[in-house]
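**Student:** Here it is: the structure, laid out below.
Protein chains: 2
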Amino acid sequence: MSTRDNLLDAFEELLIDDGERSATLEAVAARAQVSKGGLLYHFKSKDALVEGLLERLVEHAQIDAEQMRTDPRGPSAYYVDTSVYAGSALDRSLMATARLIQETPRVRETMQDIHQRWFSIILQEVGERGAARAVMLIGDGLYYNAVLSGGTSAEDVAGTDPDDRAELLSVVARLTGRQG
Amino acid sequence: MSTRDNLLDAFEELLIDDGERSATLEAVAARAQVSKGGLLYHFKSKDALVEGLLERLVEHAQIDAEQMRTDPRGPSAYYVDTSVYAGSALDRSLMATARLIQETPRVRETMQDIHQRWFSIILQEVGERGAARAVMLIGDGLYYNAVLSGGTSAEDVAGTDPDDRAELLSVVARLTGRQG
DNA sequence: GTCTATAGCTCGATAGAC
DNA sequence: GTCTATCGAGCTATAGAC
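Residue numbers (our numbering), protein chains in the order written: chain A, 734 to 913; chain B, 734 to 913.
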């Protein structure tokens, strides 16, 4: 893997596990097993490091949106089912980026863009605005619970239980009008 | 108002508007129109300041839980309807505290406690676990959107529109079995 | 109860050797 | 492409005057 990606991985891990404050240039460099100078060769400033994180997030989100559109269960079921933190590349990008809200406006704008795109896809499937919003909010709620549970193991996160997931998906099916 | 409460208010405002990093002792003292030494007389350390914030949060949450139980529309409708950021004392406490997750474990524990209590109340009303979870998640999603929208004016926050709120409440009514 | 001054530390960023 | 060394700024916390 490129040193660049290695550094971004280290940055993500630190953000998720220890938060914004702990994700200093020195800590990122240390975790990537590079010196601070080595880091600053690839990213000229901390802003550049954040920008690199956002670029990767957008890439992952685009791939995810495509899978969301083509999933046989439909976008809504896909969205709710994948909103539980499972440690995917997108999950990690999102969790890490969430720690940086109000660091710079770019972070919030990027996350809102992605969020808006998801909503468009779900609205297209569901048709009705109210139900589409409810589905979105359930996914958002799951994501919020993951953030609230923080860097702790995914085991404790609400929604990991298979029965709970099935139950929730049936509620979503009712809301979307599919098989419900 | 006591200087203590004044300082906690200033701390909250800074956290909401500018984030954890900007909420330094100096900044808090300045916003409360007190010197840094004055602040440190009331709160011996930054941890003590955070602890003060958590105590107020718990107080507000207890009052809110009581209103939730006694609201004529039922706890679920109350929860979803009040999860939209409206600038109440509880809203501000929650938003501010949300910025401090992963600062110390105490923050996360306190928020999870409050969250658990809300769930108990809703489950008691709804009866069925799956539906109760769905209702909770919708509220959580609204709250997450508020956090995502950050310190920006509440106008842009999804869920502020009266029609949207009514539509959402009817979905909740369907899930809880009330009037739906 | 509130103030100023400052010690001690850590951060982001630069400079320059290799 | 990676390293060490260091500067200047900003942070928490302490000491002591008023």
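Just so you know, even glycine gets a beta-carbon here, dropped at the ideal spot from N, CA and C. Fair warning: this is a prediction, and the values are worked out from it, not measured in the lab.
Counting along the chain, where does the alpha helix (DSSP H) carrying A:Pro808 start and finish?
**Tutor:** Along the first sequence, read from residue 1 onward, the residue named residue 808 of chain A stands at position 75. Start and end: Pro808 to Thr815.
**Student:** Pull up the CB-CB distance for B:Phe776 and B:Gly785, whole angstroms please, since I reckon it's below 8 angstroms.
**Tutor:** Counting from 1 along the second sequence, the entry for residue 776 of chain B is found at position 43. Counting from 1 along the second sequence, the entry for residue 785 of chain B is found at position 52. Indeed, because the Cβ distance is near 6 angstroms, the residues count as touching under 8 angstroms.
**Student:** Should A:Thr815 go down as buried or exposed, given a rule of 16 or more other Cβ atoms within 10 Å for buried?
**Tutor:** Taking the first residue of the first sequence as 1, we reach residue 815 of chain A at position 82. Label assigned to A:Thr815: buried.
**Student:** With DSSP collapsed to three states, give me the class of A:Leu833.
**Tutor:** Indexing the first sequence from 1 puts residue 833 of chain A at position 100. Coil at A:Leu833, not helix or strand.
**Student:** According to DSSP, is B:Ser735 helix, strand or coil?
**Tutor:** Start at 1 with the first residue of the second sequence, and residue 735 of chain B comes out as number 2. Annotated three-state conformation of B:Ser735 is coil, per DSSP.
**Student:** Closer than 8 angstroms, CB to CB, is B:Arg806 near chain A or not?
**Tutor:** As a working note, residue 806 of chain B is residue 73 in the second sequence. No, B:Arg806 lies away from the interface with chain A (no Cβ there is under 8 angstroms from its Cβ).
**Student:** With distances taken Cα to Cα, identify the nearest neighbour of B:Gln766 among B:Thr736, B:Asn878 and B:Asp751.
**Tutor:** One-based indexing of the second sequence puts residue 766 of chain B at position 33. Considering only alpha carbons, the answer is B:Thr736.
**Student:** Could you check whether the Cβ of B:Tyr876 sits closer than 8 angstroms to any Cβ belonging to chain A?
**Tutor:** Position 143 of the second sequence, counting from 1, holds the residue named residue 876 of chain B. B:Tyr876 counts as touching chain A.
**Student:** Quick one: is A:Glu753 near chain B, going by C-beta distance under 8 angstroms?
**Tutor:** Here residue 753 of chain A corresponds to residue number 20 of the first sequence, with the count starting at 1. So yes, A:Glu753 belongs to the interface.
**Student:** Closer than 8 angstroms by beta-carbon distance: list the chain A residues that pair up with B:Gly863, in chain order.
**Tutor:** As a working mapping, residue 863 of chain B is identified with position 130 in the second sequence. In chain order: Asp897, Glu900, Leu901, Ser903 and Val904.
**Student:** State buried or exposed for A:Val791, treating a residue as buried only when at least 16 other CB atoms are found within 10 Å of its CB.
**Tutor:** The residue labelled residue 791 of chain A in the question sits at position 58 within the first sequence. Result: exposed.
**Student:** Could you tell me the distance, in whole angstroms, from the CA atom of B:Asp738 to the CA atom of B:Asp797?
**Tutor:** On the second sequence, position 5 is the one that residue 738 of chain B refers to. On the second sequence, position 64 is the one that residue 797 of chain B refers to. Those two C-alpha atoms are separated by around 19 angstroms.
**Student:** Among the residues of its own chain, which have a CB less than 8 angstroms from the CB of B:Tyr811, if the five just before and after it don't count?
**Tutor:** Locating residue 811 of chain B in the second sequence gives position 78, counting from the first residue. Gln800, Met801 and Asp804, listed in sequence order.
**Student:** Along chain B, which residues have their Cβ under 8 angstroms away from the Cβ of A:Met734?
**Tutor:** Position 1 of the first sequence, counted from the first residue, corresponds to residue 734 of chain A. Those do not exist, as A:Met734 stays about 27 angstroms from chain B at its closest Cβ, beyond 8 angstroms.
**Student:** Around the Cβ of A:Ala743, are there at least 16 other Cβ atoms within 10 angstroms (buried) or fewer (exposed)?
**Tutor:** By one-based count along the first sequence, residue 743 of chain A stands at place 10. By the neighbour-count rule (16 or more Cβ atoms within 10 Å), A:Ala743 is buried.
**Student:** Give the DSSP-derived three-state secondary structure of B:Arg764 in the structure shown.
**Tutor:** For the purposes of this step, residue 764 of chain B is identified with residue 31 of the second sequence, where counting begins at 1. DSSP places B:Arg764 in helix when its eight states are reduced to three.
**Student:** I'd like to know whether the C-beta of B:Ala743 is nearer than 8 angstroms to at least one C-beta of chain A.
**Tutor:** As a first step, residue 743 of chain B is located in the second sequence; it is residue number 10 there, counting from the start. So no, B:Ala743 is outside the interface.
**Student:** With respect to the alpha helix (DSSP H) encompassing B:Tyr877, which residues constitute its N-terminal and C-terminal limits?
**Tutor:** For the purposes of this step, residue 877 of chain B is taken as residue 144 along the second sequence, with counting starting at 1. From DSSP, the alpha helix (DSSP H) with B:Tyr877 extends over Arg862 to Ser882.
**Student:** Leaving out five residues before and five after B:Arg764 in sequence, what residues of the same chain have Cβ atoms less than 7 angstroms from its Cβ?
**Tutor:** Mapped onto the second sequence, residue 764 of chain B falls at position 31. Same-chain partners within the cutoff: Ala743, Glu746 and Leu747.
**Student:** Under 9 angstroms between beta-carbons, which chain A residues line up against B:Arg764? List them in chain order, please.
**Tutor:** Against the second sequence, residue 764 of chain B aligns to sequence position 31. In chain order: nothing, as chain A lies at least about 16 angstroms away.
**Student:** Do we get a CB-CB distance below 8 angstroms when we pair B:Arg850 with the residues of chain A?
**Tutor:** For the purposes of this step, residue 850 of chain B is taken as residue 117 along the second sequence, with counting starting at 1. Answer no: the Cβ-Cβ gap between B:Arg850 and chain A never drops below 8 angstroms.
**Student:** Using a cut-off of 9 angstroms between C-beta atoms, extract the partners of B:Gln857 located in chain A.
**Tutor:** For this step, residue 857 of chain B is matched to residue 124 along the second sequence. Under the 9 angstroms cutoff, chain A gives no residues; its nearest Cβ is about 18 angstroms from B:Gln857.
**Student:** Cutting at 6 angstroms between CB atoms, please list the residues of its own chain near B:Leu823, excluding the five before and the five after it.
**Tutor:** Numbered from its first residue, the second sequence carries residue 823 of chain B at position 90. The answer, listed in chain order, is His793 and Asp797.
**Student:** Just the C-alpha distance for A:Thr830 and B:Ala864, rounded to the nearest angstrom, thanks.
**Tutor:** For the purposes of this step, residue 830 of chain A is identified with residue 97 of the first sequence, where counting begins at 1. For the purposes of this step, residue 864 of chain B is identified with residue 131 of the second sequence, where counting begins at 1. Distance between the alpha carbons of A:Thr830 and B:Ala864 is about 30 angstroms.
**Student:** Does B:Tyr818 come out as helix, strand or coil in the three-state DSSP assignment?
**Tutor:** Stepping through the second sequence from its first residue, residue 818 of chain B is reached at position 85. Coil.
**Student:** Measure the beta-carbon distance from B:Val817 to B:Thr909 and round it to whole angstroms, keeping in mind my assumption that it falls under 8 angstroms.
**Tutor:** Position 84 of the second sequence, counted from the first residue, corresponds to residue 817 of chain B. Position 176 of the second sequence, counted from the first residue, corresponds to residue 909 of chain B. Not confirmed; about 18 angstroms, so no contact.
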